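K.L.:
Handing you a structure now.
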Amino acid sequence: MNMTFFSTVILICCLISLSDAGGKFNIEDNGEYGGNVEQYVWNIISPGAGFGNVPSNKCIRDKLLELLNNSSTVYTRWGRNDCPDTSDLVFTGYIAGGNGCYKGAGKNAQCMPTTPDKSDRLQSGSGSRAYLYGAEYETAGYVSAFAQVNNGDAVCAVCRARGKSTNLMIPAKRNCPSDWTKEYEGLLMGSKSTYYGSEYICVDANPEMRQSSTGNNIGFLLYPIEGKTSPLPSPYINGYELSCVVCTV
Ligand SMILES: [Ca+2]
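Going by this note's numbering, the first residue of the sequence shown is number 280, and it counts up by one from there.
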């Protein structure tokens with residue numbers, strides 16, 4: 280086995296590993312191409328190419344590399360207007376969600392683009408619908424990076440991690456599993472206990488706010504989240520704020 284073909288096989292394995300979520304591709308079980316691995320892979324990555332039209336291993340390798348480089352996963356970086364060096368910016372926005380005083384609202388947070396397209400329905404003030412409110416950090420007295428943005432209107436960025444296939448937010452962690460890339464770490468935040476609940480989101484450890492926005496308003500209010508050790512077991516500490524990390528692979 281020469282090195283070119285060996286490299287191709289490695290890339291084939293990578294592609295199949297990425298694409299095999301439902302066991303759809305299985306080289307070992309395939310008899311359609313008489314054990315011709317190149318033919319099999321080429322027909323996967325170039326649908327409609329037909330039998331007997333297999334290019335050189337280099338072409339297959341280049342195509343696999345192109346596919347791998349084009350794969351990506353998208354996540355929201357809550358609390359920042361930019362993306363980590365590991366990702367590309369898709370758009371920036373403002374965090375929004377339900378007002379904790381109203382029970383009739385979605386619980387999930389939204390990253391609202393700074394340049395929305397105009398709706399074709401502009402009827403105002405119906406009063407019988409759910410509302411999206413901008414988010415404010417409620418972080419007075421907390422660690423300095425967050426205290427500095429107290430009452431500031433919270434921002435967000437949607438980021439695309441190229442060459443990755445999935446992302447994961449892990450609460451109570453500051454580092455990712457081995458083989459994963461750390462996109463950012465932060466503070467787990469959401470509504471407080473006396474308000475209607477919200478999604479828990481991972482807000483970047485160095486949060487930014489919309490300029491000159493520290494007026495105190497009622498909307499989607501973001502508080503640090505505390506762990507409760509009844510029954511969340513040790514080593515969790517009762518009342519400690521929870522960190523978080525966002526990882527890609
Ligand atoms: Ca504000």
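Think of the CB as a built atom: it goes at the ideal place given N, C-alpha and C, for glycine as much as any other residue.
This structure is a prediction, so every number in the text was calculated from the model and none was measured.
Output needed for Tyr-502: all residues of its chain with C-beta closer than 8 Å, excluding positions within five of it in sequence on either side, in chain order.
P.N.:
Hits under 8 Å: Glu-417, Thr-418, Met-468, Gly-469, Ser-470 and Lys-471.
K.L.:
Quick one, which of Met-448, Tyr-474 and Arg-408 has its alpha-carbon nearest Cys-481's?
P.N.:
Cys-481 has its Cα closest to that of Met-448, out of Met-448, Tyr-474 and Arg-408.
K.L.:
Looking only at C-alpha atoms, which of Val-320, Ser-335, Gln-427 and Glu-520 sits nearest to Gly-465?
P.N.:
Per the Cα distances, Glu-520.
K.L.:
Going by Cα to Cα distance, which pick from Pro-363, Ala-384 and Thr-393 is closest to Phe-370?
P.N.:
Comparing Cα-Cα distances from Phe-370 to each of Pro-363, Ala-384 and Thr-393, the minimum goes to Thr-393.
K.L.:
Decide if Gly-406 is buried, meaning its Cβ has at least 16 other Cβ atoms within 10 Å, or exposed.
P.N.:
So Gly-406 counts as exposed.
K.L.:
For Leu-511, which of helix, strand or coil comes out of DSSP?
P.N.:
In this structure, Leu-511 counts as coil in the three-state DSSP scheme.
K.L.:
Between which two residues does the beta strand (DSSP E) harbouring Trp-357 extend?
P.N.:
First-last of the beta strand (DSSP E) with Trp-357: 351 to 357.
K.L.:
Does the beta-carbon of Thr-550, which I'm using as the reference point, lie nearer than 7 Å to any heavy atom of ligand 1?
P.N.:
Only positions 280 to 528 of the chain appear in this structure, which leaves residue 550 out of reach.
K.L.:
Roughly how many whole angstroms lie between the Cα atoms of Ile-324 and Asn-360?
P.N.:
If you take the alpha carbons of Ile-324 and Asn-360, they lie about 36 Å apart.
K.L.:
Does DSSP put Ser-522 in a helix, in a strand, or in coil?
P.N.:
In this structure, Ser-522 counts as strand in the three-state DSSP scheme.
K.L.:
Can you list, in chain order, the stretches of the alpha helix (DSSP H) that have 4 or more residues and sit fully within the segment 407 to 441?
P.N.:
List check, alpha helix (DSSP H) in window: 423 to 426.
K.L.:
With the cut-off set at 8 Å, would you say Ile-257 and Val-434 are in Cβ contact?
P.N.:
The chain is shown only over 280 to 528; residue 257 falls outside these bounds and no answer can be derived.
K.L.:
Taking the straight line between their C-alpha atoms, what separation do you get for Asn-429 and Glu-415?
P.N.:
Near 8 Å, if we compare the C-alpha coordinates of Glu-415 and Asn-429.
K.L.:
I'd like to confirm the pairing. Which residues does DSSP put opposite Asn-387 in its beta bridges?
P.N.:
DSSP output for Asn-387 lists no bridge partner at all.
K.L.:
Let me check understanding here. Comparing Cα to Cα, which of Lys-452, Asp-396, Cys-380 and Gly-376 lies closest to Ala-388?
P.N.:
The shortest C-alpha separation from Ala-388 is found at Gly-376.
K.L.:
For Asn-305, count neighbouring C-beta atoms within 10 Å of its own C-beta (all shown protein chains included) and say buried if the count is 16 or more, exposed if not.
P.N.:
The predicted position of Asn-305 is uncertain, since its pLDDT is 49 and thus under 50; no value can be drawn from it.
K.L.:
Would you kindly report the start and end of the unbroken beta strand (DSSP E) that includes Tyr-480?
P.N.:
The sequence given here places Ile at residue 480; Tyr does not occur at that position. 480 to 483 is the extent of the beta strand (DSSP E) around Ile-480.
K.L.:
For the beta strand (DSSP E) that contains Glu-464, what are its first and last residues?
P.N.:
460 to 469 is the extent of the beta strand (DSSP E) around Glu-464.
K.L.:
For Pro-450, list the residues DSSP reports as bridge partners.
P.N.:
Cys-523.
K.L.:
For Cys-362, which residues of its own chain have a beta-carbon under 7 Å away from its beta-carbon, when the five flanking residues on both sides are left out?
P.N.:
The answer, listed in chain order, is Arg-356, Leu-368, Ala-436 and Cys-438.
K.L.:
Cα separation between Thr-365 and Asn-496?
P.N.:
Going by the C-alpha atoms only, they are around 34 Å apart.
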